[in-house]
Every structure is written in structure tokens, then in C-alpha cells.
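Student: First the structure, then my questions, so here it is.
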Amino acid sequence: MNIFVYDSFLSDKKHQNTISKIETRITDLGLSGKIIRLNLLKNHLDSIDGEIKRGAKTIVAVGNNETLNKVVNSVLSSNHPDASKIPIFIIPVGKENNEISLSLGIENYNQACEVLSSRRIEELNAVEINSSYFLSEARIQTMGTKVEVDESFTLEISEQGNIIISNLKIDKQKALKNHQSLPNDDKLELFVGLKKDKEIKSAFMFKTLLVSNKIKKIIIDKSVEITTPAKITLSNKKLKTIVGKNRSF
88 MNIFVYDSFL
98 SDKKHQNTIS
108 KIETRITDLG
118 LSGKIIRLNL
128 LKNHLDSIDG
138 EIKRGAKTIV
148 AVGNNETLNK
158 VVNSVLSSNH
168 PDASKIPIFI
178 IPVGKENNEI
188 SLSLGIENYN
198 QACEVLSSRR
208 IEELNAVEIN
218 SSYFLSEARI
228 QTMGTKVEVD
238 ESFTLEISEQ
248 GNIIISNLKI
258 DKQKALKNHQ
268 SLPNDDKLEL
278 FVGLKKDKEI
288 KSAFMFKTLL
298 VSNKIKKIII
308 DKSVEITTPA
318 KITLSNKKLK
328 TIVGKNRSF
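For the sequence shown, the numbering used here assigns the number 88 to the initial residue and increments by one for each residue that follows.
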């Protein structure tokens, strides 16, 4: 059965017309399944894990970057032996906060329904950060941040900018135009970009990072805050992900 995870922000009336169109198209394509509606009182990990244990065949995030991150963490945190076999997918709702879906080759909800029907599956890397996971990137300001790379050397930058840990490239900035992070190459990249520069200042491949900042938090998948100190490494778990033909990798 397909499980459709509706994020809490979709209860806003401005999204009702879009949701109706999605549900109609999903029905037309014969892809209907069970809908889970998240809210502030419902633990998404428990809700989605319950569906995994009941035999979910596909888990579809309906929403944005944060919705997909919830699904990613639910699947990878599950102790059910079949969890890693279940494909995930995203139907983006709204133009904001949906950079990950674009990189997966899904431009809008209309196209998403067709992509879900086609069921083209890629096995992607996931990144572990403390007890959580992310698919695309982690980002933190350079000021006040200390980064230990593979227990070999340490970065401390006194100028304003960003440190980006990338698994799947979602940033369209010109500064990253010559850098491509592939989520299926078993590699992680670290980029340092300073505000005064038009290009990335430094780029490294790494296995493990230790990141600390006494004030600022790390933002993963452009949506979720993680308190430091944080250990970041490529997970040994993979994500079966339904993607579009125009994906970025």
C-alpha cells in the first residue's frame, strides 16, 4: 500500500485546492493508498514506523523539504527488517522550501504524480548527524564554528560565510556552479564559502566531521535545526528513492 504523509501545514485552506487536485490525479493513476496527517501532537517517527510494520510499499512525503526529512528519518530509524526496502518519494506542495524535490527531478505536484506512477528508483546515500539523518545538505555559519576533519586537521574561520556539508547538491548559487555532489557516489563534500568571494573558497572530501559552535545551529535539508557539537558521517544505510528523469545526478 502507498502511504501518503501529509505535513501539518497542508491544513491551511490555501492548500486545499492543490491537495484536491493531487488526490484526484493519484486516484486516476490507480495509486491511492492511506493518508497520514501529521500534527504537532503526533510523533511522525511512531506514525510512519507503524505503517512500515503494517506492510507499507511506498512512503510518499506530501509537502516540502521538512516533510521529506521526516520520512527519511522515520525510514532510517525503523528497526523493521523491511524498512530499507521501502521506496520513498516526495510530492512538493508550494514553491518555497522544495529545493530537494527539484534535485530529484520533480518540479511540481502535477509532474510528481506521473513520476510516482513511473516508479524509477535510485538507491541514494544518507548522511548521519548525531542521532538524525539528512539527504541533501547541512549548513552552518563560519563565524564561531570549529570543524575537525577526519581527526586530521581543524578549520576555524574568522570571516563571515557558510560551511556546507553536501551529499545532494540543491544550491543554485553561482558560487557552487563548478561543484557537483552526487548522492550515489559514496562521498561527502565540505565547502567553505565566504561572503566576500564569488567562488567557493575551499572544498574537501571527507569521511567524518566534528562540528561545534556555541551559538549557531546546523541546518539540515534546509529545514531542521541540529544543536552542536555534531558528528557527521556517511551512513551505512541507503535510501531507495523514486526520482524523475531530469534529476540532477
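Heads up, the beta-carbon is just placed ideally off N, CA and C, and yes, glycines get one too.
Only a predicted model underlies this, so the values are computations on that prediction, with no experimental measurement involved.
1) On a Cα-Cα basis, can you pick out the residue from ASP258, ASN156 and VAL311 that is closest to ILE175?
2) What would DSSP say about GLU246, mapped onto helix, strand or coil?
3) Within its chain, find whatever has a CB closer than 8 Å to the CB of ASN184; leave out the 5 residues flanking it on each side and keep chain order.
4) Between SER322 and GLU215, is the Cβ-Cβ spacing less than 8 Å?
5) Using CA atoms only, rank isn't needed, just tell me which of GLU246, LYS324, LYS304 and VAL202 is closest to PRO316.
6) Compute the beta-carbon to beta-carbon distance between LEU326 and ALA213, rounded to the nearest angstrom, for a pair I have assumed lies under 8 Å.
7) Should the region 204-211 be called in touch with the region 227-238, which here means at least 3 C-beta pairs below 8 Å?
8) Please check the pair VAL149 and ILE90, which I expect to be a contact at CB under 8 Å, by giving their CB distance rounded to whole angstroms.
9) Roughly how many angstroms lie between the CA atoms of HIS102 and VAL236, to the nearest whole one?
10) From the DSSP output, in three-state form, read off GLY137 for me.
11) How many whole angstroms separate the CB atoms of ILE139 and HIS167, which I take to be in contact at a CB cut-off of 8 Å?
12) Have a look at LEU269 and ASN197 and give me their C-alpha separation to the nearest angstrom.
13) Considering just the uninterrupted stretch of the beta strand (DSSP E) at GLU312, what are its terminal residues?
14) Below 8 Å on the Cβ atoms is my contact criterion, and I expect LYS324 with LEU163 to pass it. Report the Cβ-Cβ distance as a whole number of Å.
15) Leaving out five residues before and five after THR145 in sequence, what residues of the same chain have Cβ atoms less than 6 Å from its Cβ?
16) How far does the beta strand (DSSP E) with GLN228 in it extend, from its first residue to its last?
17) ILE302: buried (16+ other C-beta within 10 angstroms of its C-beta) or exposed?
18) Count the other CB atoms, across all protein chains shown, that sit within 10 Å of the CB of LEU222; report buried if there are 16 or more and exposed otherwise.
19) Below 7 Å CB to CB, which residues in the same chain sit around LYS288 once its five sequence neighbours on both sides are set aside?
20) Please name the residue or residues paired with MET292 in a DSSP beta bridge.
Tutor: According to the structure data:
1) It is ASN156.
2) coil
3) ASN151, ASN152, GLU153, LYS309 and SER310
4) Contact annotation: SER322 and GLU215 have beta-carbon atoms nearer than 8 Å.
5) Minimum Cα distance to PRO316 is reached at LYS304.
6) 5 Å
7) no
8) Taking C-beta atoms under 8 Å as the contact rule, VAL149 and ILE90 fail to qualify, at a distance of about 10 Å.
9) 43 Å
10) helix
11) 5 Å
12) 26 Å
13) 311-313 is the extent of the beta strand (DSSP E) around GLU312.
14) 5 Å
15) ASN89 and PRO174
16) 224-228
17) exposed
18) buried
19) VAL279, GLY280 and LEU281
20) GLU276
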